[in-house]
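This report refers to the structure that appears directly beneath it.
There are 2 protein chains.
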Amino acid sequence: MMTLDSTDVGGEVRASLRERKKLATRRSLRRVALALVAERGYSHVTVEDIAEAAEVSPRTFFNYFPTKEAALFGADQDRITELRERVAHLAPGEPALTALRLVMVSDAQTVADELSELGGDPADWLRRMKGAATDPQLRAARAAQMAMVERAITEGLAERLGTDPERDPYPSLLAATAAGVFRASISFWAGSGGTVPLGQLIDQAFQALADGLPERSYVSHLTGKDNH
Amino acid sequence: MMTLDSTDVGGEVRASLRERKKLATRRSLRRVALALVAERGYSHVTVEDIAEAAEVSPRTFFNYFPTKEAALFGADQDRITELRERVAHLAPGEPALTALRLVMVSDAQTVADELSELGGDPADWLRRMKGAATDPQLRAARAAQMAMVERAITEGLAERLGTDPERDPYPSLLAATAAGVFRASISFWAGSGGTVPLGQLIDQAFQALADGLPERSYVSHLTGKDNH
DNA sequence: TGCAAATTTACATTGCACGCAAAGTTGCAG
DNA sequence: CTGCAACTTTGCGTGCAATGTAAATTTGCA
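Going down the list, the protein sequences come from chains D and H. Letter 97 of the first sequence, counting from 1, is numbered 96 in numbering that gives the first Met the number 0, and no numbers are missing. Letter 2 of the second sequence, counting from 1, is numbered 1 in numbering that gives the first Met the number 0, and no numbers are missing.
If you want it as structure tokens, here you go:
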């Protein structure tokens, strides 16, 4: 129990064969799942299809991901916990809204990084996934995922502000708006093929919130087009 | 095809036996589903259980609800479409934020009404459901539901503002925040056993958003307690 | 009363998810 | 380099959600 599966070489951590294989299998499953879904649509891809394309047994799929959709956009429990910690403790002394903005920008960058990590053209992935993203099941799964993220933010905020979400709706409200900023920005960014600078989108949305929501848009100069 | 299943009597619409039975079955399924889930938790209640308790066949359950969770909190497609229309056209001339506030307050009242319609003590239902509400599956289902609502709001806002959500993230952001206000308020209200005035909660949250988010809470005087 | 339409039901099928134990790999100590 | 211990993969069986189909059953109405 609790073996390392890795060898420490002069401060560097070299993954063991076992570890590398596991990571390869995980990535293969994810890549194949995304490719199949982009091609046929979410509801026309079974776990069996994914397993077959990745050349593992269907049972092995579930050793890596708890559900079919987790292979598509899996933020595991560790990362969600880490998110809560960052919201709670990043930039202490700064206003909560500032900390949230920092965390959201950083996480958005992570999303963009993972997209590149997939191999191939990131813009191509975004374009291919666009059709599949209309599937209700997939939307539902994504919403559930974001709800978990939002919950983590709520808890982090509650800790940061020293308040209890049960007695004070403010952390929930702030978390909901932050998650909303994140979603709206990411989805707009994805729709642009990843060309619009994501960090700026998020920053401007937060600025709009901090200043009080305006009646109309807040980003026309980014797209170079008239938004109404 | 397209029979009325109802008899028009002097301007009043009297439901036919068929219609009344259908409504009774639907309500029975919902009530029984809620009761069983409150008692055992979502994942320990099968569709078969619900059907049996409601004295219909399992297949009939799916004639009324597309999924298990739809029986618990089902906003059907008609109501979601209607929501979009209200967001788009209610109080024309007023700012979008004002229209959103009106629609959200009104919908919150509908939620409260449906709770009473269930029979028994509303506060009792809230208390009983509280435990079951921690179930991840149920959370996921609720999130998916809210995502559909949020989407409808986005579309309604886009129409109202004459903008395209694909090119302008503003409707999405506004919809996300409005949905966030709704969720945070409802959940806080439910946590209070339905005692805190829901309309005021929502109004104050919108006011906070319109003014620019404050660093701390905005409702301390409602609970009568210190929120930090 | 009897026919047409709507509704319920039984039956079969597909797919997700998970527990379990057997078979196959990998890591490492001797 | 060999053999054991830990880990991973796999096959098999189970339960449950969800859907299609066609045969009863019930209701509305002439």
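From the three backbone atoms N, C-alpha and C, an ideal C-beta is built for every residue, glycine too. Quick caveat: nothing in here was measured; it's all calculated off a predicted structure.
CB contact below 8 Å: residue i versus chain D
i: L96/H; result: yes
i: E214/H; result: yes
i: T80/H; result: no
i: S15/H; result: no
i: T6/H; result: Residue placement at T6/H is poorly supported in this model, since its pLDDT is 45, which falls under 50; the coordinates still yield a value, given next. No, because no Cβ of chain D sits closer than 8 Å to the Cβ of T6/H.
Contact list for residue i against chain H, beta-carbon separation under 8 Å
i: M128/D; result: None at all; the shortest Cβ gap to chain H is about 15 Å.
i: D210/D; result: G211
i: L200/D; result: P168
Within 8 Å, strictly: CB atoms of residue i and residue j
i: M128/D; j: F181/D; result: no
i: D167/H; j: R100/H; result: no
i: S184/H; j: L200/H; result: yes
i: S191/H; j: S186/D; result: no
i: A52/H; j: L35/H; result: yes
i: R30/H; j: G118/H; result: yes
i: A111/D; j: L197/D; result: yes
i: A157/D; j: A142/H; result: no
i: P164/D; j: T153/D; result: yes
i: T59/H; j: A70/H; result: no
i: A37/D; j: A131/D; result: yes
i: A122/H; j: G193/H; result: yes
i: P57/H; j: E47/H; result: yes
i: F61/D; j: Q144/D; result: no
is_contact[residue i, chain H] using C-beta, thresh 8 Å
i: T2/D; result: Annotation note: pLDDT 43 at T2/D (below 50); position unreliable, coordinate value reported separately. So no, T2/D is outside the interface.
i: H227/D; result: Residue placement at H227/D is poorly supported in this model, since its pLDDT is 42, which falls under 50; the coordinates are not used for a value here.
i: F187/D; result: yes
i: R159/D; result: no
i: R19/D; result: no
i: A107/D; result: no
i: K224/D; result: Residue placement at K224/D is flagged as unreliable, the pLDDT there being 47, under the threshold of 50; a coordinate-derived value is accordingly withheld.
Interface partners of residue i on chain D, CB under 7 Å
i: L172/H; result: G179, V180, A183 and A204
Under 7 Å by beta carbon: chain H residues contacting residue i
i: G190/D; result: E165
i: L101/D; result: By Cβ distance, chain H contributes nothing, its closest Cβ being about 16 Å from L101/D, past 7 Å.
Member of the options whose CA lies at the smallest distance from the CA of residue i
i: A151/H; options: E84/H, T133/H and V44/H; result: E84/H
i: E149/D; options: H88/D, A74/D, V195/D and Q206/D; result: A74/D
i: E214/H; options: A95/D, S27/D and W188/D; result: A95/D
i: D106/D; options: A204/D, R25/D, A178/D and Q206/D; result: A178/D
i: S115/H; options: A207/H, F205/H, Q206/H and R26/H; result: R26/H
i: T66/D; options: E54/D, V55/D and T45/D; result: T45/D
i: A140/H; options: K21/H, A204/H and Y41/H; result: Y41/H
i: A189/D; options: Q108/D, L160/D, Q136/D and D210/D; result: Q108/D
i: L212/H; options: L82/D, T97/D, T162/D and Q76/D; result: T97/D
i: E54/D; options: I79/D, L28/D and D210/D; result: L28/D
i: A87/D; options: W124/D, L208/D, G161/D and D77/D; result: G161/D
i: A207/D; options: Y169/H, F64/H and Q206/H; result: Y169/H
i: H43/D; options: E113/D, P57/D, Q136/D and D120/D; result: Q136/D
i: D134/H; options: R78/H, R39/H, D120/H and R17/H; result: R39/H
Listed by chain order, chain D residues near residue i by CB distance under 9 Å
i: A139/H; result: A139, A140, A142, A143, Q144, A146 and M147
Beta-carbon neighbours of residue i, restricted to chain D and to distances below 8 Å
i: T176/H; result: A175, T176, G179, L208 and L212
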